[in-house]
Amino acid sequence: MKFLMFGAPMAGKGTLANMLAEDYNLPTISMGDILRASIASGDENGVLAKSYMDKGEMVPSEVVCAMIKKRLAEKDVQDGFILDGFPRTPDQLKVFVDEKITDIDVVVNIEVPYETLLTRVIGRRTCKSCGYIYNTSWNLGYEKCPKCSGEWGIRSDDNEETYKNRYEVYLQETLPILSYFEKLGKVVTVQGQDEPEQSYETMLKAFENSNIKGLKEFIEG
Ligand SMILES: [Zn+2]
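Take a look at the structure:
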């Protein structure tokens, strides 16, 4: 089964993707990870991407799509995967469709109210030692990292102003993409406002109730 995670920044795409990946033994493909790895390796696409980023410009869709295409050609993702962070703009979608980069079976559209997203941004804590991410909105009362007892740090871009800008970009650039997949009947909408465990249960229920071909059977194994 080929999944695409969709939703605003902080909607929980990565978290739910990782939980699904673990339970159903699927590889996750994160556009952010691919971009970082490609730049670090200094391959052709990475060098090209870096040249744009150094100038503060957007990496062209052709370069982003070439990276995804290369990753999707690898052996481990032939039977299924969970894609996160791509396509992100109508232009990327166009290249994705024109070049027939891959088939997607299910688009998981995670809906979370703006106020909740904001609470998550402001409540995000990252362990200074091991990088574990916690959110005070989960109300688990962790004063220190539960993994290593490290101290919590707050990222400089986790503030209302920065988030508001990211959310605006999502509304204008990314959200319009959803209608393409809706027309194909591939979208499952999940209410993801709860903490991760609960949202994950909500997501599996939505899968079981959807009429996307093969999805219910896949989840029931
Ligand atoms: Zn830690």
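Just so you know, this note's numbering puts the end of the sequence shown at 294, numbered straight through with nothing missing. Just so you know, even glycine gets a beta-carbon here, dropped at the ideal spot from N, CA and C. Just so it is clear, the structure is predicted and the values come from calculations on it, not from any experiment.
Beta bridge pairing from DSSP links D230 with no other residue.
Nearest neighbour of I155 by Cα position, chosen from S283, M74, D171, A113, turns out to be M74. One alpha carbon belongs to N98, the other to N284, and they sit about 22 Å apart.
Within the region 123-185, complete alpha helix (DSSP H) segments of at least 4 residues are found at 134-145, 163-171, given in chain order. Shortest gap from the CB of G223 to any heavy atom of ligand 1: under 8 Å. Assignment of beta-bridge partners to N208 by DSSP yields R197.
Around the Cβ of Y236, a 10 Å sphere holds 16 or more other Cβ atoms; the residue is buried. In this structure P82 is in contact with Y240, their Cβ atoms being roughly 7 Å apart against a cut-off of 8 Å. In the DSSP assignment, T262 falls outside any alpha helix (DSSP H) and within the unbroken beta strand (DSSP E) covering 260-264. S103: member of the beta strand (DSSP E) spanning 101-103, first to last residue. Distances taken from the Cβ of G204 to the heavy atoms of ligand 1 include one shorter than 8 Å.
With contacts defined by Cβ atoms closer than 9 Å, G265 and I183 form a contacting pair. Here the C-alpha atom of P163 lies approximately 15 Å from the C-alpha atom of I174. Within its own chain, the residues whose Cβ lies closer than 6 Å to the Cβ of P269, once the five positions on either side in sequence are excluded, are T88, listed in chain order.
For L77, the uninterrupted beta strand (DSSP E) run begins and ends at 75-80, by DSSP. When C-alpha distances from R161 are compared across Y253, D230, M92, D178, the shortest belongs to Y253. In the DSSP assignment, T88 falls within the alpha helix (DSSP H) that extends over 86-97. For the pair S103 and A94, the Cα-to-Cα distance works out to about 12 Å. Straight-line spacing of the CA atoms in K143 and L108 works out to 12 Å.
For V180 against F79, the beta-carbon gap comes to about 5 Å, under 8 Å, which counts as contact. Three or more beta-carbon pairs drawn from the region 125-138 and the region 165-173 are found closer than 8 Å, and the two stretches are therefore classed as touching. Each residue's CA atom was taken as its position, placing D116 and C138 some 15 Å apart. In summary, C203 is exposed, with fewer than 16 beta-carbon neighbours lying within 10 Å of its beta-carbon over all protein chains present.
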